[in-house]
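Chemist: Supplied in structure tokens, the structure appears directly below.
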Amino acid sequence: MRVRRHPILGEAGDSRQRAVQIEVDGDAVDALEGEPIATALLAAGKVVFRYTRKLGEPRGVFCAIGRCTDCMMVVDGVPNVRTCVTPVKAGMRIQTQHGLGELSRASSGGAGHGGD
Amino acid sequence: MRAAGAQGMAETEFAVVGGGPAGLSAALEATRLGVRVLVIDENEQPGGQLFKQIHKFFGSKQHRAGVRGIDIGTKLLAEVEALGVTVWLNSVVWGLFEGPTLGVIRERKNVRVKAPKVLLATGAMENALAFPGWTLPGVMGAGAIQTLVNVHRVLPGKRVLMVGSGNVGLIVSYQLLQAGAEVVGLVEALPTVGGYGVHASKLRRQGVPIWTRRTIKAAVGDGRVEKAITVGLDEKWNEVPGSEEELAVDVICLALGLTPLSELAWMAGCEFEWIPQLGGQVPVHDRDMESTVKGIYVAGDVSGIEEASTAMEEGKLAGIAVAESLGKVSAEEAREKKAAIWAGLAELRGGPFGEGRRQAKEPVQVTAG
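Going line by line, the protein sequences match chains A and B.
Its first residue numbered 1, the first sequence is counted upward by one per residue in this note's numbering.
Its first residue numbered 1001, the second sequence is counted upward by one per residue in this note's numbering.
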């Protein structure tokens, strides 16, 4: 849920951030260019970002500053990308990660998301 | 800053790890005194955690009391830009070796940075608490909530239980209300509210209850938090049987204090002291903020958890001390400058809350020599 009005921060509608679309598990989701992927997903109501390897337990955002790695997902074919510190680009393909994830052939060049 | 491109080597006089309030203040102070400085930060933007602090700071006017962290951050960045301080962003310092030499990952390449003086201004990380269900999506840190709500303007849920009533728990609860969420209440295991009365009163005026001697027992939900179960505690911290209460919430926020991010100081072989009031293991340092390893300085939360206002002053101390030891400023001028900062720090560390921190800081600073 996006905060439109705020007593300190004022009205939303920052023109520096362009409205774009990303693809999340095959669905189109509205996002703002440059915001962390994680906030775009939370704004769209998605809270489960990955499932753990052994027990298949759900995980979402925990620290939101890139330390805990709970929010890792597959971004443009690259697994283990920390979505809380990776900025949205138009047309990004985001997938819920299961276990450790696998590097797909198509993306083996490394998309430079800094998710390591 | 001299970069030798392909070899992945760089040299500078003063390498600052972390571009938050402490690191930037140190960089500015040292740059003004003629030191070549390189600031390295792993984030997209410098400023550390200042941009999530949308409340007004305490302290005296000289320490920018009554100013919001977000505005302090903006001002620091403008000064950094005006002075042309070199800042490497998206750059992770992964190691600190003899030399001192830093191992840095920058643009997917490994770069070694050699500098006679290094400041660790790496900040802190949030403490967590393990309880049944604590890994469910919806359980998150108070700092996480501040980042999501105050920086990116996204609420992770509608109804929140806050765990912890220190200043962070109180302030973040109020910030959640400001953003339009409902805070069902705060649980505090201690018999009294941890933070400032003024923050607690603001919440009480909004009708938000603070339950003392009560804690979180479990988070329950199918794939995400749907309920929180809280439980009362007796004088011996045991659960009071039958005192469980169930709350319908979709977010459980943990505001349980911070721990210094001191990996690099450990790696460098700095001596540590265990000081619970300052967040646990704290690198021993002298009044110049120099650690027990010559040339390695610490400032801000990594040198003991306090506030952004004290972090900035500590950063300045380190910046001046570095300039002095590099011969950029006379001992007399440095002494004067440092004395003024220490007077300000004494003021910041006054009062019922600051006094404890001042006393806690003493053993760390006395031990260093």
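Beta carbons are placed, not taken as given, at the ideal position from N, Cα and C, and that holds for glycine.
Is GLU33 of chain A close to chain B, meaning its C-beta is less than 9 Å from at least one C-beta of that chain?
Modeler: Not one chain B Cβ lies under 9 Å of GLU33 of chain A.
Chemist: Give, in chain order, every unbroken run of the beta strand (DSSP E) that is at least 3 residues long and sits entirely within the segment 1270–1301 of chain B.
Modeler: Whole beta strand (DSSP E) segments, 3+ residues: 1272–1275, 1280–1283, 1296–1298.
Chemist: Would you list, in chain order, the members of the segment 1123–1146 of chain B that have their beta-carbon closer than 9 Å to a beta-carbon of chain A?
Modeler: Answer in chain order: MET1125, GLU1126, ALA1128, THR1135, LEU1136, PRO1137, GLY1138, VAL1139, MET1140, GLY1141, GLY1143, ALA1144, ILE1145, GLN1146.
Chemist: Determine the chain B residues that contact VAL48 of chain A at a beta-carbon separation under 8 Å, and present them in chain order.
Modeler: The answer, in chain order, is PRO1137, GLY1223, ARG1224.
Chemist: Which of the three DSSP states, helix, strand or coil, is assigned to GLY1018 of chain B?
Modeler: Here GLY1018 of chain B sits in coil by DSSP.
Chemist: Grouping DSSP H, G and I as helix and E and B as strand, with all else coil, what is ASP1071 of chain B?
Modeler: DSSP places ASP1071 of chain B in helix when its eight states are reduced to three.
Chemist: What first and last residue would you give for the beta strand (DSSP E) that runs through ARG1204 of chain B?
Modeler: That residue, ARG1204 of chain B, is in no beta strand (DSSP E); its alpha helix (DSSP H) goes 1197–1205.
Chemist: If we ignore side chains and look at the alpha-carbon of each, how far apart do THR39 of chain A and VAL1154 of chain B end up?
Modeler: Roughly 6 Å between the two C-alpha positions.
Chemist: Pull up the distance between the alpha-carbon of CYS1253 of chain B and that of VAL1208 of chain B, whole angstroms please.
Modeler: About 15 Å.
Chemist: Using a cut-off of 7 Å between C-beta atoms, extract the partners of VAL1156 of chain B located in chain A.
Modeler: Checking the sequence shown, residue 1156 of chain B turns out to be Pro, not Val. Here the neighbours are LEU42, VAL61.
Chemist: Could you pull the DSSP bridge partners for TRP1211 of chain B from this structure?
Modeler: Looking at the DSSP assignment, TRP1211 of chain B forms a beta bridge with B:VAL1187.
Chemist: Would you mind reading off the limits of the beta strand (DSSP E) that contains GLN17 of chain A?
Modeler: Segment: none, GLN17 of chain A is in no beta strand (DSSP E) and carries neither H nor E.
Chemist: What are the start and end residues of the beta strand (DSSP E) that includes MET1125 of chain B?
Modeler: Where MET1125 of chain B is concerned, the enclosing beta strand (DSSP E) stretches over 1124–1126.
Chemist: Measure how close the beta-carbons of LEU1102 of chain B and VAL1016 of chain B come, nearest whole angstrom, since I'm counting them as under 8 Å.
Modeler: In fact, because the Cβ distance is near 10 Å, the residues do not count as touching under 8 Å.
Chemist: Does the beta-carbon of GLY1069 of chain B have 16 or more other beta-carbons within 10 angstroms, so that it is buried, or is it exposed?
Modeler: With 16 or more other Cβ atoms within 10 Å, it is buried.
Chemist: Determine the contact status of LEU1326 of chain B and PRO1116 of chain B, defining contact as a CB-CB distance below 9 Å.
Modeler: Yes, the Cβ-Cβ distance between LEU1326 of chain B and PRO1116 of chain B is below 9 Å.
Chemist: Could you please give me the residues that DSSP links to CYS1088 of chain B through a beta bridge?
Modeler: Residue 1088 of chain B is actually Trp in this sequence, not Cys. Answer by DSSP bridge pairing, in chain order: B:ILE1040.
Chemist: Report the neighbours of PRO7 of chain A on chain B: residues whose CB is nearer than 8 Å to its CB, in chain order.
Modeler: Neighbours of PRO7 of chain A on chain B, chain order: GLN1178.
Chemist: With a cut-off of 8 Å on the beta carbons, I'd call GLN1277 of chain B and ARG1357 of chain B a contact; round off their distance for me.
Modeler: With a Cβ gap of about 7 Å, GLN1277 of chain B and ARG1357 of chain B count as contacting.
Chemist: Keeping to the same chain, check which residues put their C-beta closer than 7 Å to that of GLN1053 of chain B; ignore five residues upstream and five downstream.
Modeler: Answer for GLN1053 of chain B: ARG1068, GLY1069, ILE1070, ALA1308, listed in chain order.
Chemist: Determine the closest residue to CYS57 of chain A out of B:LEU1050, B:PRO1137, B:ALA1022, B:ALA1128, with distance taken between C-alpha atoms.
Modeler: Inspection of the sequence shows that residue 57 of chain A is occupied by Glu rather than by Cys. Comparing Cα positions, the closest option is B:PRO1137.
Chemist: Determine whether the Cβ of GLN1049 of chain B lies closer than 9 Å to any Cβ atom of chain A.
Modeler: So, interface residue.
Chemist: For the segment 1071–1086 of chain B against the segment 1022–1041 of chain B, are there 3 or more C-beta pairs whose distance is under 8 Å?
Modeler: Contact between the segment 1071–1086 of chain B and the segment 1022–1041 of chain B is present, because at least three Cβ pairs lie under 8 Å.
Chemist: So that I know if they touch, is there some Cβ in chain A lying closer than 9 Å to that of ILE1305 of chain B?
Modeler: No, because no Cβ of chain A sits closer than 9 Å to the Cβ of ILE1305 of chain B.
Chemist: List, in order along the chain, the chain A residues whose C-beta lies closer than 9 Å to that of ILE1054 of chain B?
Modeler: The answer, in chain order, is HIS6, ILE8, LEU9.
Chemist: Go ahead and pull the three-state DSSP assignment for ALA1219 of chain B.
Modeler: Note: ALA1219 of chain B maps to strand in three-state DSSP.
Chemist: With 9 Å as the threshold, decide whether the Cβ of ASN1167 of chain B is near any Cβ in chain A.
Modeler: Chain A contact via Cβ: absent.
Chemist: With a cut-off of 8 Å on the beta carbons, I'd call ASP1041 of chain B and GLY1066 of chain B a contact; round off their distance for me.
Modeler: Not confirmed; about 27 Å, so no contact.
Chemist: Would you grab the beta carbon distance between ALA1228 of chain B and MET1162 of chain B for me? Rounded to a whole angstrom, and I think it's under 8 Å.
Modeler: Going by Cβ atoms, the distance from ALA1228 of chain B to MET1162 of chain B rounds to 10 Å, so no, they are not a contact pair.
Chemist: Check the Cβ of VAL3 of chain A against every Cβ in chain B and list those closer than 8 Å, keeping chain order.
Modeler: Here the neighbours are VAL1149, ARG1153, VAL1154, LEU1155, ALA1179, GLY1180.
Chemist: Which residues share a DSSP beta bridge with GLY27 of chain A?
Modeler: It is worth fixing the name first, because residue 27 of chain A is Asp in this sequence and not Gly. For ASP27 of chain A, which the question treats as bridged, DSSP gives the partners A:VAL24.
Chemist: Compile a chain-ordered list of the residues in the segment 1022–1047 of chain B whose CB is closer than 9 Å to at least one CB of chain A.
Modeler: Of all residues in the segment 1022–1047 of chain B, GLU1042, ASN1043, GLU1044 have a Cβ within less than 9 Å of some Cβ in chain A.
Chemist: By DSSP, does ILE94 of chain A sit in helix, in strand, or in coil?
Modeler: Three-state result, ILE94 of chain A: strand.
Chemist: For a cutoff of 9 Å on Cβ pairs, would you count VAL29 of chain A as touching chain B?
Modeler: It does not: the Cβ of VAL29 of chain A has no partner Cβ on chain B nearer than 9 Å.
Chemist: Can you name, in chain order, every residue of its own chain whose Cβ lies under 6 Å from the Cβ of ASP1234 of chain B, other than the five neighbours on each side?
Modeler: Closer than 6 Å at Cβ, skipping near neighbours: VAL1240.
Chemist: Determine the chain D residues that contact ALA12 of chain A at a beta-carbon separation under 9 Å, and present them in chain order.
Modeler: Chain labels in this structure do not include chain D; the protein chains are A and B.
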